[in-house]
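In our numbering, the protein residues as written are 47 to 672.
Have a look at this one:
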């Protein structure tokens, strides 16, 4: 059965300028119903520009953008601002009566998922930056448009909010209705939502009067994990990627394959290929060795909180309520909580910037603490200096575990190219300033490192580089983040700051936290009478239907899945043999030899087509069994 792709929107040889620089050129991409596109690329490569070109909010400087009849976009930009005179309810729902918008389940769902802590009667001008961003997202999702174009929608959403948004978008954009194009650096979100990836490859300015090479777009099928695999395969086969970049990709792939969230969206033989690629990649970190180094630098005591409580002056709310917590040498802890729970306050208590209202905070005598705050300012740094110069002024080299790292090497590890390393500090982008801030903290050689939302403004490649660096940090690490992949990769345990100001251990990680939150919300809504009972009944019915799905259907699906895997294995063996024959016969340039090679190529093409069809069947059966 051949599927016909329906066109919704697309660009043809589109280009865009950034001042005199050719940012993008020759961009030809298209959207079909059910597409959930994730746009990736380094900061400044042109991701937001591509999104604006496709959605029609920016005219191309060359080429064209076309749309199917009656197609419209609901767009969210990073610069989107609300009318400060409007209330939140007016901004999201307009001036229609409450009973009209409240009668629509999807609008109520958006309010409950994104705006649970925001009073709808609040003026938009009174909102914080994070709250305004969430209201703007709610406005966009509430629009009746078949295509969503979202630029960094997970910004200012906590772990629970990101999970809700992923679930909402997966339900809204189905296989036959609507489409999604999203720019985001949240790799868990990309893995959970997207079925295709567009990578914006930045342009290059060779200098010395030579012609500039503009940026372009490379397309990949599958989620983020599949993209990492395909990108690695392309680099390996073409043998054009630098060795350092390949090693980084291999480490990222190794983590994706070893970790629980691994979803490559590929059949077993593709997974085997991934395993072959990472077979010689060492473990992410030697935990025993790092604990030994940390203990040698820190002693037995790091930071201990005993019955600590904290309230801001004039407020009756206890941000922290009799919290007792001990950080061990070499501990790597992630802190989770809803927005406004008090995570930054907890870090302030630990660092000594805030004094507890009650209780004691004990710090070891050897503790050398560095804190990365959410604000990107770097006190005392001369903005006229080059990046390398600014870093070298702090310290020329540092001891990092068992090895010594120079300032220039540290800058390179955090994603600064040779050209950008000699850029003035005042000319850096937001993401580059964040990287410079991280580098300045690491150069202090702390043995306790506290990071408050370190992933803000960082692209996926830089995130992987930062994680690789933190993997080898020889000290105690505390991370507050909504980035699941970062928490899962660089921390060994997680704790949650709950609404009552207490701290709860999370042996089950982020998933356990989400379950706790869901249970708490169900308990809070248990007293809503008839509606609550009705919902409960509907959930039970849905559960029964799901249970009925087992039995014969699942047995048949498992049997077909096993047969499909055997066929794929057989095809791979045949392809391997054909590749060997093609390689052996490549030197024979006689007419007979060329004719034989042609037949082998035709046969290989047939086998590849059969393998692709079996892949699709494998994926369908796998989804049935989920």
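The beta carbon of each residue, even a glycine, is placed where N, CA and C say it ideally should be.
Contact check, residue i vs residue j, beta carbons under 8 Å
i: residue 472; j: residue 424; result: no
i: residue 628; j: residue 646; result: yes
i: residue 537; j: residue 525; result: yes
i: residue 489; j: residue 437; result: yes
i: residue 244; j: residue 75; result: yes
i: residue 482; j: residue 500; result: no
i: residue 452; j: residue 494; result: no
i: residue 266; j: residue 282; result: no
i: residue 528; j: residue 204; result: yes
i: residue 546; j: residue 390; result: no
i: residue 88; j: residue 517; result: no
i: residue 433; j: residue 467; result: yes
i: residue 396; j: residue 484; result: no
i: residue 96; j: residue 247; result: no
Straight-line Cα distance separating residue j from residue i
i: residue 540; j: residue 380; result: 4 Å
i: residue 658; j: residue 610; result: 12 Å
i: residue 534; j: residue 229; result: 22 Å
i: residue 651; j: residue 90; result: 39 Å
i: residue 300; j: residue 134; result: 45 Å
i: residue 480; j: residue 631; result: 54 Å
i: residue 477; j: residue 93; result: 14 Å
i: residue 166; j: residue 276; result: 45 Å
i: residue 153; j: residue 504; result: 32 Å
i: residue 474; j: residue 567; result: 43 Å
i: residue 664; j: residue 607; result: 6 Å
i: residue 66; j: residue 354; result: 57 Å
i: residue 101; j: residue 172; result: 30 Å
i: residue 346; j: residue 520; result: 15 Å
i: residue 597; j: residue 603; result: Summary for residue 597: the model assigns pLDDT 49, below 50, so the residue's position carries little reliability; its value from the coordinates is reported in the next sentence. Cα-Cα distance, rounded: 10 Å.
i: residue 212; j: residue 239; result: 6 Å
i: residue 655; j: residue 59; result: 29 Å
i: residue 127; j: residue 179; result: 8 Å
i: residue 176; j: residue 450; result: 40 Å
i: residue 358; j: residue 98; result: 43 Å
i: residue 136; j: residue 272; result: 41 Å
i: residue 460; j: residue 362; result: 43 Å
Three-state class that DSSP yields for residue i in the structure shown
i: residue 365; result: coil
i: residue 531; result: helix
i: residue 55; result: strand
i: residue 353; result: strand
i: residue 674; result: This structure does not reach residue 674, given that the chain is present from 47 up to 672, and the question cannot be answered.
i: residue 466; result: helix
i: residue 134; result: helix
i: residue 76; result: strand
i: residue 518; result: coil
i: residue 445; result: strand
i: residue 164; result: coil
i: residue 174; result: coil
i: residue 460; result: coil
i: residue 510; result: helix
i: residue 591; result: In this predicted model, residue 591 has a pLDDT of only 40, less than 50, meaning its place in the structure is not dependable; the value taken from the coordinates is given anyway. Of the three classes helix, strand and coil, the one that applies to residue 591 here is helix, per DSSP.
i: residue 126; result: coil
i: residue 435; result: helix
i: residue 546; result: coil
i: residue 406; result: strand
Own chain partners of residue i with C-beta closer than 7 Å, once the 5 adjacent residues on each side are dropped
i: residue 274; result: 295, 298, 299 and 302
i: residue 63; result: 69 and 107
i: residue 430; result: 470 and 472
i: residue 79; result: 52, 54, 222, 223, 224 and 225
i: residue 216; result: 239
i: residue 218; result: 224
Sequence-distant residues of its chain with Cβ nearer than 8 Å to residue i (five each side left out)
i: residue 132; result: 169 and 170
i: residue 556; result: 205, 382, 530, 533, 534 and 540
i: residue 619; result: none
Neighbourhood of residue i by C-beta, 6 Å cutoff - its chain only, sequence neighbours within 5 removed
i: residue 140; result: none
i: residue 114; result: 53 and 54
Can you confirm whether the stretch 152-162 touches the stretch 183-192 when touching is taken to mean that 3 or more C-beta pairs between the two stretches lie within less than 8 Å? The answer is yes - the stretch 152-162 touches the stretch 183-192, with three or more Cβ pairs under 8 Å.
Pairing CB atoms from the stretch 116-123 with CB atoms from the stretch 64-71, are three or more of them under 8 Å? Flag = no, the stretch 116-123 and the stretch 64-71 do not touch.
Three or more C-beta pairs below 8 Å linking the stretch 232-245 and the stretch 200-209: Under the Cβ criterion (8 Å, minimum of three pairs), the stretch 232-245 counts as touching the stretch 200-209.
Three or more C-beta pairs under 8 Å: does that hold for the stretch 395-410 against the stretch 552-564? Not touching, per the Cβ criterion.
Are at least three pairs of beta-carbons, each pair with one atom in the stretch 80-88 and one in the stretch 104-114, less than 8 Å apart? The stretch 80-88 and the stretch 104-114 do not touch, with fewer than 3 CB-CB distances between them shorter than 8 Å.
Check whether the stretch 412-422 and the stretch 556-569 touch, using three or more Cβ-Cβ pairs below 8 Å as the test. Counting Cβ pairs under 8 Å, fewer than three are found: no touch.
Would you be able to state if there are at least three C-beta pairs under 8 Å between the stretch 363-377 and the stretch 346-353? Flag = yes, the stretch 346-353 and the stretch 363-377 touch.
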